[in-house]
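Beneath this line is the structure, given in structure tokens, with notes to follow.
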Amino acid sequence: MEKEVFGDEILRIVPARYKEKAKNIFQFLKLQESFSWNSDDEIIYKNTVIPGSNIPFLVNDFLRNRKSAPEGRYVFLRASNDVNLPKNLDVNKKLYQNNKNIKKPIMYARRNAWLKL
11 MEKEVFGDEI LRIVPARYKE KAKNIFQFLK LQESFSWNSD DEIIYKNTVI PGSNIPFLVN
71 DFLRNRKSAP EGRYVFLRAS NDVNLPKNLD VNKKLYQNNK NIKKPIMYAR RNAWLKL
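Numbered per the working numbering, the sequence shown spans residues 11 to 127.
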């Protein structure tokens with residue numbers, strides 16, 4: 011029952027251009043035994059509830075480049091890798107940058123015009 015409610019909720023919050031991918035992710039996750047969610051939309055991965063997580067927000071985050079991470083993002087990523095979620099459903103490539111060493115942009119201060127060097 012909860013899984014059908016999730017389908018309606020995710021299709022409500024996902025942008026129109028990602029609705030088809032969201033449906034495919036939803037159909038794929040419904041079939042997984044090691045991954046599910048409860049009536050509060052918290053994900054359950056390997057029989058462990060991830061408190062504060064929200065499956066519609068996590069799928070939405072998976073499809074879009076968001077500035078802030080919803081609770082349970084990295085557990086969701088690990089689970090999606092473990093259940094072999096098809097890579098063609100992944101839109102948000104920035105999620106995987108956390109595994110790489112990313113240089114933060116360096117901000118250089120401008121020299122004041124009145125300073126003589």
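Glycine included, every Cβ here is placed at the ideal spot set by N, Cα and C.
- Taken atom to atom, the span from the alpha-carbon of K56 to that of S90 is near 12 Å.
- Per DSSP, reduced to three states, the secondary structure at S90 is helical.
- In terms of CA proximity to F45, T58 leads the group T58, K33 and N70.
- The C-beta distance from F86 to L68 rounds to 5 Å, short enough to meet the 8 Å contact threshold.
- Here the alpha carbons of Y28 and G62 stand approximately 24 Å from one another.
- The Cβ-Cβ distance between R83 and D92 does not fall below 8 Å.
- Less than 8 Å divides the Cβ of I65 from the Cβ of D51.
- In this structure L95 is not in contact with V24, their Cβ atoms being roughly 16 Å apart against a cut-off of 8 Å.
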